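Q:
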Amino acid sequence: MKSPKDISIEEYNYDLPEDRIAQFPVAKRDQSKLLIAKQDTVQETIFQNIADYLPADSLIVFNDTKVIRARLRFKKSTGAKIEIFILEPVLPTAEVQNAFQVQEQCTWKCFIGNAKKWKKDALTLALNYHGEELLLYAKKGEPQGNAHLVHFSWTPKHLTFSDILMASGSIPLPPYMHRETQDDDVERYQTIYAKHQGSVAAPTAGLHFTDKVMDSLNAKNIQTDFVSLHVGAGTFKPVSGETMGEHEMHSEQVLIKRETIESLYRHDFQSLIVVGTTSTRTLESLYWYGVKLENQVDAPFKINQWEPYNTTGLKNISPKQSLKNILDYMDRKKLDILQGETQIIIAPSYQFKLVDVLITNFHQPKSTLLLLVSAFYGSQWTRVYEYALKNDFRFLSYGDSCLLFRK
Numbered sequence: 000m001k002s003p004k005d006i007s008i009e010e011y012n013y014d015l016p017e018d019r020i021a022q023f024p025v026a027k028r029d030q031s032k033l034l035i036a037k038q039d040t041v042q043e044t045i046f047q048n049i050a051d052y053l054p055a056d057s058l059i060v061f062n063d064t065k066v067i068r069a070r071l072r073f074k075k076s077t078g079a080k081i082e083i084f085i086l087e088p089v090l091p092t093a094e095v096q097n098a099f100q101v102q103e104q105c106t107w108k109c110f111i112g113n114a115k116k117w118k119k120d121a122l123t124l125a126l127n128y129h130g131e132e133l134l135l136y137a138k139k140g141e142p143q144g145n146a147h148l149v150h151f152s153w154t155p156k157h158l159t160f161s162d163i164l165m166a167s168g169s170i171p172l173p174p175y176m177h178r179e180t181q182d183d184d185v186e187r188y189q190t191i192y193a194k195h196q197g198s199v200a201a202p203t204a205g206l207h208f209t210d211k212v213m214d215s216l217n218a219k220n221i222q223t224d225f226v227s228l229h230v231g232a233g234t235f236k237p238v239s240g241e242t243m244g245e246h247e248m249h250s251e252q253v254l255i256k257r258e259t260i261e262s263l264y265r266h267d268f269q270s271l272i273v274v275g276t277t278s279t280r281t282l283e284s285l286y287w288y289g290v291k292l293e294n295q296v297d298a299p300f301k302i303n304q305w306e307p308y309n310t311t312g313l314k315n316i317s318p319k320q321s322l323k324n325i326l327d328y329m330d331r332k333k334l335d336i337l338q339g340e341t342q343i344i345i346a347p348s349y350q351f352k353l354v355d356v357l358i359t360n361f362h363q364p365k366s367t368l369l370l371l372v373s374a375f376y377g378s379q380w381t382r383v384y385e386y387a388l389k390n391d392f393r394f395l396s397y398g399d400s401c402l403l404f405r406k
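For what it's worth, numbering that gives the first Met the number 0 labels the leading residue of the sequence shown as 0, then goes sequentially.
#1: Measure the CB-CB distance between F160 and F99 and report whether it falls below 9 Å.
#2: Below 9 Å between beta carbons: does that hold for L313 and E293?
#3: Pull the bridge partners of D224 from the DSSP assignment, please.
#4: What is the DSSP secondary structure of I272, counted as helix, strand or coil?
#5: Taking the beta strand (DSSP E) that Q96 belongs to, which residues open and close that run?
#6: Tell me whether the beta-carbon of L395 lies closer than 9 Å to the beta-carbon of A21.
#7: Measuring alpha carbon to alpha carbon, tell me which residue in S270, K27, I6 and D355 is nearest P54.
#8: Is the beta carbon of H229 sitting closer than 9 Å to the one on G197?
#9: Give me, in chain order, the residues of the same chain whose beta-carbon lies closer than 7 Å to that of K407; leave out the 5 immediate sequence neighbours on both sides.
#10: Could you check whether the region 32-44 touches the region 327-347, counting it as contact only if at least three pairs of C-beta atoms, one from each stretch, sit closer than 8 Å?
#11: With DSSP collapsed to three states, give me the class of G377.
#12: Of the choices N324, T279, L334 and A387, whose alpha-carbon is the least far from that of A374?
#13: If contact is defined by three or more beta carbon pairs under 8 Å, each pair taking one atom from either stretch, is the region 111-121 in contact with the region 251-260?
#14: What residues match up with V253 in a beta bridge as DSSP calls it?
#15: Could you tell me whether the Cβ atoms of K389 and Y11 are closer together than 9 Å?
#16: Which residues in the same chain have their Cβ closer than 7 Å to the Cβ of K80, if we skip the five residues on either side of it in sequence?
#17: Give the straight-line distance between the Cα atoms of S348 and L133, rounded to the nearest whole angstrom.
#18: Does the Cβ of K27 have 16 or more other Cβ atoms within 10 Å, making it buried, or fewer, making it exposed?
#19: To the nearest angstrom, how far is the alpha carbon of T310 from that of K333?
#20: Which two residues bound the contiguous beta strand (DSSP E) that contains F408?
#21: Between T64 and T234, what straight-line distance do the alpha-carbon atoms span, to the nearest angstrom?
#22: Which one of R68, G78, I325 and V290 has the shortest CA to CA distance from A166?
#23: Kindly indicate which three-state DSSP category P318 falls into: helix, strand or coil?
#24: Closest by CA to K1, which one among A346, E94 and D14?
#25: With a threshold of 16 other CB atoms inside 10 Å of the CB of R70, please say whether the residue is buried or exposed.
#26: Whole angstroms is fine: what's the gap from Y397's alpha carbon to F361's?
#27: Once DSSP output is grouped into helix, strand and coil, what is the label at R393?
#28: Touching or not, the region 145-161 and the region 99-109, by the rule of three or more beta carbon pairs under 8 Å?
#29: Counting only the same chain and skipping the five closest in sequence on each side, list residues whose C-beta sits under 6 Å from that of T410.
#30: Are the beta-carbon atoms belonging to I336 and I255 less than 9 Å from one another?
#31: What separation, rounded to the nearest whole angstrom, lies between the Cα atoms of L90 and K108?
#32: Do you know how far the Cα of M329 is from the Cα of K291?
#33: So within the region 136-201, which uninterrupted alpha helix (DSSP H) runs reach at least 4 residues, ignoring any that extend past its ends?
#34: Work out the CA separation of Y192 and I83 for me, nearest whole Å.
#35: Compute the Euclidean distance between the alpha carbons of L322 and D182, then round it to the nearest angstrom.
#36: For the alpha helix (DSSP H) containing L216, list its first residue and its last residue.
Below, the structure is given as structure tokens:
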């Protein structure tokens, strides 16, 4: 099999008609369609019935990140409209889980819409917040690639940046949804178990779950656990190079509780079900971090894009040993939460270490997410997508989903 760096993204192109891209969710989350692909057979049902197709006494892992109101709209005195899309925190902390509790002022890396109309002057947004005047100021800082640093300050000073975004921001929908955010999106573009603020896009495989579905999992003794990967805008970054070796993956922050790692350590790995590509990338990154610790006792939790493919000189260890290394590290450092970042790309030739069953939506042509699906299910992913297209499945973020059993 060719090196993943030599893969041409054109091999992962397919014709996706515009009318197959879901612009709105179905009326009830669990009434979306579900495609089940296992051992070269394809069938369909509705998502509400997913537990019927999952192995009993297994473990299912979700991403509990929460989508933030990342889009801020300002209007200059000249009438020019400036849109600021916050991406990642810089000051006073770069840690996502702490950045929203900051008071008075902060600096973020941001995309700026209509940037040429914004020079040096500070932008001001005045709002009424719970009966008192809120003033938000934004000052453009240095460029950061295709983004800029933006310095925010506000009054009243006791408000947190989370409060500011709740009052002034809007939920950012993906660029292929050609519409403005509506009131329903505040609830529907969020999983029911979303907990930790930090994503600018939803982990969409989780959007189909309801309390009723969760109860059906419990009835089959399927244990639930959670990780947090904060989805960045890079998830929509198109692959522009001819080969994947020319594509730079975005880096995203991850947090995993000790109890979750202990659950994985105790599990027998015969039936580990993962909800979404973000949870998959988190768990596979976790394995590679345990490998790093095997070779470097206090290595930082940072997995680079091609690291899993450059294993020369590294010991080949079991998932259980990898997780033990991590738990030992957390013991030494007295950590209850493991925090790090991953840039991992999962592409054909990748050997999965933890994940057995994948629940995921249908992804864009020529995307790194499609490479992950191909790595997981093999070349038969094309059959799955052909079936979905011929049988009225809805695609992308608000679309339907598939249940894939690893080859």
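Here a beta-carbon is modelled for each residue, glycine too, at the ideal position from N, C-alpha and C. Since the model is a prediction, treat every value here as computed from it, not as a measurement.
A: Considering the structure as presented:
#1: Yes; because the gap between Cβ atoms is below 9 Å, this pair is in contact.
#2: yes
#3: V60
#4: strand
#5: It is not in any beta strand (DSSP E) - Q96 instead sits in the alpha helix (DSSP H) that spans V95 to A98.
#6: yes
#7: S270
#8: yes
#9: Residue 407 lies beyond the residue range present for the chain, which begins at 0 and ends at 406; the question has no answer from this structure.
#10: no
#11: coil
#12: T279
#13: Touching, no, given that fewer than three Cβ pairs across the two stretches are closer than 8 Å.
#14: L228 and G339
#15: no
#16: Around K80: R72, K74 and N113.
#17: Computed Cα separation, rounded: 53 Å.
#18: exposed
#19: 29 Å
#20: Any question about residue 408 goes unanswered here, given that the chain covers just 0 to 406.
#21: 14 Å
#22: R68
#23: helix
#24: A346
#25: buried
#26: In this model, Y397 and F361 are separated by some 10 Å (Cα to Cα).
#27: coil
#28: yes
#29: The chain is shown only over 0 to 406; residue 410 falls outside these bounds and no answer can be derived.
#30: In contact: I336 and I255 (Cβ atoms closer than 9 Å).
#31: Roughly 10 Å separates the two Cα atoms.
#32: 14 Å
#33: 160-167 and 182-187
#34: 27 Å
#35: L322 and D182 have their alpha carbons spaced roughly 42 Å apart.
#36: D210 to A218
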